[in-house]
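Protein chains: 4
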Amino acid sequence: MCAIVGIYGNNNAARLASVALFAMQHRGQEATGISSSCDGKIYTKKDSGLVSEVFTDEALQYLKGNMAIGHNRYSTAGSDSILDAQPVFAKYKLGEMSIVHNGNLINKEEVRNELIDKGAIFQTGMDTENLIHLIAKSSKDRLRDRIKEALNKTVGAYCFIVQSRSKQFVIRDRYGIRPLSLGKLKSGGYIVASETCAFDLVDADFIRDVNPGEMLIFSENNEQPESIQLFEPEYRPCAFEYVYFARPDSVIDGKNVYITRENMGKTLAKNDANKDLKVDMVVPVPDSGVPAALGYAAQSGVPFELGIIRNHYVGRTFIEPTQEMRNLKVRMKLSPMKSLIAGKSLLVIDDSIVRGTTSKRIVKMLKDAGAKEVHFRVASPEIKFPCYYGIDTPNQEELISFKMTKEEVCKYIEADSLEYLSIEDLRNSIGADRNYALESFDGDYFVTK
Amino acid sequence: MCAIVGIYGNNNAARLASVALFAMQHRGQEATGISSSCDGKIYTKKDSGLVSEVFTDEALQYLKGNMAIGHNRYSTAGSDSILDAQPVFAKYKLGEMSIVHNGNLINKEEVRNELIDKGAIFQTGMDTENLIHLIAKSSKDRLRDRIKEALNKTVGAYCFIVQSRSKQFVIRDRYGIRPLSLGKLKSGGYIVASETCAFDLVDADFIRDVNPGEMLIFSENNEQPESIQLFEPEYRPCAFEYVYFARPDSVIDGKNVYITRENMGKTLAKNDANKDLKVDMVVPVPDSGVPAALGYAAQSGVPFELGIIRNHYVGRTFIEPTQEMRNLKVRMKLSPMKSLIAGKSLLVIDDSIVRGTTSKRIVKMLKDAGAKEVHFRVASPEIKFPCYYGIDTPNQEELISFKMTKEEVCKYIEADSLEYLSIEDLRNSIGADRNYALESFDGDYFVTK
Amino acid sequence: MCAIVGIYGNNNAARLASVALFAMQHRGQEATGISSSCDGKIYTKKDSGLVSEVFTDEALQYLKGNMAIGHNRYSTAGSDSILDAQPVFAKYKLGEMSIVHNGNLINKEEVRNELIDKGAIFQTGMDTENLIHLIAKSSKDRLRDRIKEALNKTVGAYCFIVQSRSKQFVIRDRYGIRPLSLGKLKSGGYIVASETCAFDLVDADFIRDVNPGEMLIFSENNEQPESIQLFEPEYRPCAFEYVYFARPDSVIDGKNVYITRENMGKTLAKNDANKDLKVDMVVPVPDSGVPAALGYAAQSGVPFELGIIRNHYVGRTFIEPTQEMRNLKVRMKLSPMKSLIAGKSLLVIDDSIVRGTTSKRIVKMLKDAGAKEVHFRVASPEIKFPCYYGIDTPNQEELISFKMTKEEVCKYIEADSLEYLSIEDLRNSIGADRNYALESFDGDYFVTK
Amino acid sequence: MCAIVGIYGNNNAARLASVALFAMQHRGQEATGISSSCDGKIYTKKDSGLVSEVFTDEALQYLKGNMAIGHNRYSTAGSDSILDAQPVFAKYKLGEMSIVHNGNLINKEEVRNELIDKGAIFQTGMDTENLIHLIAKSSKDRLRDRIKEALNKTVGAYCFIVQSRSKQFVIRDRYGIRPLSLGKLKSGGYIVASETCAFDLVDADFIRDVNPGEMLIFSENNEQPESIQLFEPEYRPCAFEYVYFARPDSVIDGKNVYITRENMGKTLAKNDANKDLKVDMVVPVPDSGVPAALGYAAQSGVPFELGIIRNHYVGRTFIEPTQEMRNLKVRMKLSPMKSLIAGKSLLVIDDSIVRGTTSKRIVKMLKDAGAKEVHFRVASPEIKFPCYYGIDTPNQEELISFKMTKEEVCKYIEADSLEYLSIEDLRNSIGADRNYALESFDGDYFVTK
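Protein chains in written order, with the working numbering: chain A, -19 to 429; chain B, -19 to 429; chain C, -19 to 429; chain D, -19 to 429.
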């Protein structure tokens, strides 16, 4: 999970890119970067930290030019935040290029080993370096052909933007797993971004999603971006974007994320309808469980209540609690609304259960606060398989639903009942017209080397 | 608006005080400080910044002892964040003391001038300095009597905690305008805090509110705090705490804040019931408008929807938008949920309208996003008078309801309709059993010099 | 030891004050501050850190007005760098004032207790607060008379600058213990500063030293500062300024510090002349021992060599050396010039010996580097008494010359011989025309309460 | 100009490397970095800033293992301090390696273009990347043979240390232009460092200089480093190290830097001996001119005086002086000792003149301070050619001695006389037994592609 953006044909390119990255900060808070191009030179500024910290006025003034690409990096274990920040810049035979990437290349190691065998060096752990090498090593004359050739050797879930000194090449894999949309800036030029929530902030009109397998080329020669269909599309957008990642006000593949989440909640309610379940209120785990909880409440008629308060001041560094204050860390982020829930039966909704530890703590916190019963509902199916398509999931052994049945998980988290969406439910909640990437739930790793 | 806390009789006093201040960060983000007492010496650490930034492990280790008082300072125009941070420490005739204060002394200038006439000096603009001077100048032998004498000369809305080298004196004004509650720490000792949400985080049981006009004295001699009724109580808790300031999970004067806010929304809905008002959804201005919007939705049956998304990454410093990006600042904090609201009639609920500029921008943002109608509802009465009892309100000339009728405000913010709670509605929503401080709404400045 | 400065009648007052403080950074690196006055208001900015860190352009723009006072604070054990920074500001009966102070009031506790008895409070440990209280409590109508009255109750070594909203009052104690000089700015107006090295940097011409017991008053009414002789002068400038504190390019009481230090070295050489001492080179302990070593070399004919190199990159925070790297800390600051000194007999000159630990380490370091003999010479007499007149010396028990004879010290530091200046030598080296404050050497605490 | 260090076979490897880099901070203050190897993995930490800032305890704990290499980077125009920091890490066919480099490759562009032609990419502007590519592309099986092959294509002045997961390879070019010495750590293992001043601080004994054209290999298999003579040596150590770069306590090629500088000063004095030159004192431009000035004084009998004081508090950021304070920037670093020099004839010694602007300002400053005459002496020959062997010199057009004769320079800097060392003088001062790299003086670019 990361965010990418490209701005083309606007004199405020870097500034608009930074605003778009700001709107997509939820997709990555570890590091951020922007490359602009101006007069045949590429300027890059990247660093660890939030968008609002890295892109000072001074930084934005350095990033001259009317085109820019940008990236927000999600924190993953073992990565070096400064060295692994994007864009990745390189000088190569045709000049200079800079690349941003969102996704995961599943044949990364094979390509890497093959390249290394031929004498290539890799300075980071990022798979973005693969693409750069493949482009640089291509024997084609034009960058577009080099990119094509490179992509022929690249398997995975990816969205790339390659910026040369005067052009931008936008590519989305044939499955369209990771989202990518095209918009028109009211102040001139185009924007391509991982999520449409970025369009609103930079005052851009949504044109369409970038098609699976499509390459868009922005250049001075053409008023409109050139479109080349590189690969036969087999559209499989990632279901997890709807479940958890995307901002609720984004629209992915024509579907508003918030509404799909409400649908998930409604479906959970329908599934509970014929049960003899008596609960006093529907309580979301904030913030991600809120739309599903609203859907559940609307469908079931059970009142929706903010029974858990989220504290937004939790920073990155704070006092390590002593032994006496063990459960402090959870409670510093989430607080139970005691007066509201004491003596009540709660229907608690979260977007997903990964390891089960957080769910367990939430149930305990609510019961400690006096809840009579806690019925846990999950607005997604059981996660039994790790994702290799761009999402940072733990090893399969750490996935609680790989190790336990639903009944065992229910007991482990000490809930009074536990229900998930079925895979079919999830598909229907998002929209039955489409095949989705569901590998975390069904283990169908359809992207094969 | 500020937060204060006192911890007495616990070896982790400063650490617990910092956690309590963290839970009350919403009451002040400008500066924070703690004084502890140990072996006859008072230790103080205060600085500008958030609780999680100021109270590093090193700072907490410096703050030795089993008693501590703390303060979060709200940013007010013209104040110097470092110099005006609390606690305020002083050496005086009986030794050392340190004071925290939440509130506002309305006879501050008179007392100050009188003291200055007699040769006193004032090093800051804080009214806390007044009390220190009055205590120091008293001729009484015991600190408790000096405090009493000082309070006899002090008029206003206040909560003080005075810490000497071995005792803590907690005082709430006779009207109980600012909240202050007493709790028992499960790990030993007592806590006094502005809001009960702090109790949950430090694992304390609520005992009772500190009474209006009461002085509590914590000392080694007594297992339980000694209680002295200094003044005849005339209980008038501040209505604004329920409307806006307090965290929803706090309980003030026996009333859960979240529930009173839901009641306010329900009352707005009842008032709208006999009107011929057709709206598609109830939309809160996040985060403070959410409970009232839930109440309105529950009462009216109109669906509740998160039509406005709040971005929590807005930091203190970010790029100043250029002319082309004028409305960026509002939208960086709040985003409309376009797909949800386009073509819809919205019933938007905010907690209050002060100057009207934010409300105007919100209405415009929603209409730009396609809303057909925006009916604005305010979960409090019209604010016509500045508050002198501890809340940072602008001059009367800047209060839109001082200058305009309801109809004029509705036109100014370009809403399709506008309704407030009446003062009576507000009182009933919180609880008809009590007289509240409502001076911002009715101009009844009952605390007189 | 601290530095103070006053600028009067120049539109760049705060900027010039910051430059003067920068020139006097050697007198205090812990904290720094400036108060300016403009249109009846006093502006203050103070913080911990170096002058170049605290006085950003933003800070200097805030410090409006054509008069300013400033202060550099020396780090002393137990002080809180932010709270004890100067200037100290206060509102009092006649309005506002701000004060900077260099020195030490020896009747501080008595005055403080008396003031506290009468109801005064003290918020810091600084003796500057004493003067403010005394001024504020005076019954006189004019500030100058209040200051006079306050000084009548003040005993010690002091230089004060009191700034009101339109005037500056400069006072030096009757003994002139701490230095203070008056200059004329080429860009207009006046400067008063602890050391004349500040004059060079701000382009000012030295006029004269402020006289012992004199008060200078700068005001709009008078082109020239008004001079009032408050006390009968008994001039006793501090010998330690010449020995160690002052920058070598400063002129104190008409004597260039560098030249007096050369004289001290010459005297040491004369004292050694009739001994049968064979050394190969004179080596200073950098930087403070350099002028005396040059004097010794010039007088004796023994070559001067930089046998010890000083590393100027030693910052405030660095790796704590492990057990294996014990002596690292000294050597990170000072390195022996091995090739130069190996097998040689050295005459090492330092300005003073306080506790003896540094001298011991230096001798060891030189011997480890191969020095055959190390003859230690000290360009001051034995320090047997703590200073109470503004210098941060340790307790008498820690002064090695209080506990040991010269022979014992020589043995302790493992030098081959050890010589000090006699008190008479020191007086003659600075200038026999004057009586000096020599209390650290002779115990003559002539400033009595 | 940069510094490199390698530590092999010591459990405190990274810590010792950081201490050695601290001792060589004068060779580069822009950025610093260390790579350690442990259990088959290479750990790297690098950042902009001083050694004492970057290498916190946390950083050093991360850098596990018993071998480490480190680098200090000198600031050069146009470089990105973070991206261009060293060591440079890469994964390649044989595993992982990390490299540090001091010097300059003069065939950098040719090699780069050739590599790029074959499909290589370059992510930075550092010539270190060249070597990594050449090593990675070599077809040899062993790293030592790959390095050899890579060096066969590499022309320039260089010192490299290549660290694999278990070995270190140290290489110095055949001319030995940049210094590199081998030492034995008293706490176990070996150190290789640019300057011997690092040995003193880490408690190491100097063994010998790394030979020109030599490769040293440290591995577990051998107690002693293996030595391979890769190239026929043609020893030409850089004269500029003696003139300016190296710390005075370092020994390069058997010659103590301080003593060679004294010799330069003595030679200047001998050259002046038969002139009718009457000066009152020898004044060094601190700090680099001090040893030569001591030599001049010793030879001539003219007294040595510190007529210019250097302020060591000059930080990286400070107030930009206004127009009125134009000459402030020079004077903030250097102050004239007015009382000492007023009315006197000075013989001022600096190590070199590059552009002439600083010399001009120094002469003006001294004359403004009252100096009667300023005779300028330069302890090196006229710099007429830019250096391509690792020293950051300006373009030839900016070199004042390229554009002007000695007489013209003298007039330009407004000195009363000006003398340089001849090239022969310089060679003799350092040691006539050796041929030096003197290209900046004589234009003999002996390292040819």
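Don't be surprised by glycine CBs; every beta carbon is placed ideally from N, CA and C.
| Item | Value |
| --- | --- |
| Name, in chain order, the residues that DSSP records as bridge partners for D:Leu398. | D:Phe356 |
| DSSP state of D:Ser409, grouped into three classes? | helix |
| Kindly indicate which three-state DSSP category D:Lys429 falls into: helix, strand or coil? | coil |
| Hey, would you say D:Ala130 sits closer than 9 Å to D:Leu114, going by beta carbons? | yes |
| Is the beta carbon of A:Val358 closer than 9 Å to that of A:Leu398? | yes |
| What is the DSSP secondary structure of B:Phe365, counted as helix, strand or coil? | coil |
| In chain order, what residues of the region 234 to 250 of chain A put their CB closer than 7 Å to some CB of chain B? | Asn236, Tyr238, Ile239 |
| Thinking C:Pro67 and C:Ser144 are a contact (beta carbons under 8 Å), I'd like their distance in whole angstroms, please. | With 8 Å as the limit, C:Pro67 and C:Ser144 do not qualify as a contact, their Cβ atoms being about 12 Å apart. |
| Measuring only between beta-carbons, confirm whether D:Tyr(-12) sits less than 9 Å from chain C. | no |
| What does the Cβ neighbour count give for B:Asn202, buried or exposed, with the cut at 16 atoms within 10 Å? | exposed |
| Under 9 Å, do C:Ser167 and C:Asp183 count as touching if we go by C-beta distance? | yes |
| Only counting the same chain, and skipping five residues up and downstream in sequence, which positions put a Cβ closer than 6 Å to that of D:Leu95? | His113 |
| Give the interface partners of C:Ile22 over in chain G, defined as CB-CB distance under 8 Å, in chain order. | The structure shown contains no chain G; its protein chains are A, B, C and D. |
| Using only alpha-carbon positions, find the residue among A:Arg126, A:Ala70, A:Pro361 that is nearest to A:Thr104. | A:Ala70 |
| Please look up how many angstroms separate the CB atoms of C:Gly275 and C:Glu242, rounded, as I've assumed it's under 8 Å. | 4 Å |
| Have a look at the DSSP bridge pairing and note the partners of A:Lys25. | A:Ile14 |
| Compute the distance between the beta-carbons of B:Leu160 and B:Val190, then report whether it is under 9 Å. | yes |
| Less than 9 Å between the beta carbons of B:Ser475 and B:Tyr224, yes or no? | This structure does not reach residue 475 of chain B, given that chain B is present from -19 up to 429, and the question cannot be answered. |
| Measuring CB to CB, does A:Phe198 end up less than 9 Å from A:Gly(-11)? | yes |
| Taking a cut of 7 Å between CB atoms, which residues from the region 80 to 113 of chain D lie near chain C? | none |
| Quick one: Cα of D:Leu379 to Cα of D:Thr337, how far? | 11 Å |
| Exposed or buried, C:Gly234, counting other C-beta atoms within 10 Å across all chains shown (16 or more means buried)? | exposed |
| Rounding to the nearest angstrom, what Cα-Cα distance links D:Val427 and D:Val135 in this structure? | 7 Å |
| Quick one: Cα of B:Ile49 to Cα of B:Lys25, how far? | 11 Å |
| By Cβ distance, which residues of its chain are closer than 7 Å to B:Tyr368, with the 5 residues on each side in sequence left out? | Asn84, Ile86, Tyr425 |
| Just to make sure I have the definition right: I need the residues of chain D whose C-beta is within less than 7 Å of the C-beta of C:His292. Which are they? | His292 |
| How many Å lie between D:Arg7 and D:Ile371 at the Cα? | 11 Å |
| Of all the beta strand (DSSP E) runs that stay within the bounds of the region 76 to 157 of chain B, which reach a length of 3 or more residues? | 136 to 143, 148 to 152 |
| Exposed or buried, B:Gln279, counting other C-beta atoms within 10 Å across all chains shown (16 or more means buried)? | buried |
| In whole angstroms, give me the CA-to-CA distance for B:Ile432 and A:Gln148. | As displayed, chain B neither begins before -19 nor continues past 429, which places residue 432 of chain B out of reach and without an answer. |
| Residues of chain D with CB under 7 Å from C:Pro283, in chain order? | Ala278 |
| Helix, strand or coil for A:Pro271? Go by DSSP, reduced to three states. | helix |
| Taking buried to mean at least 16 other C-beta atoms within 10 Å of its own C-beta, is B:Thr385 buried or exposed? | exposed |
| Residues of chain D with CB under 8 Å from C:Met317, in chain order? | Pro228, Asp229, Asn236, Tyr238 |
| Taking a contact to mean a Cβ-Cβ separation below 9 Å, would you say A:Gly411 touches A:Thr240 in this structure? | yes |
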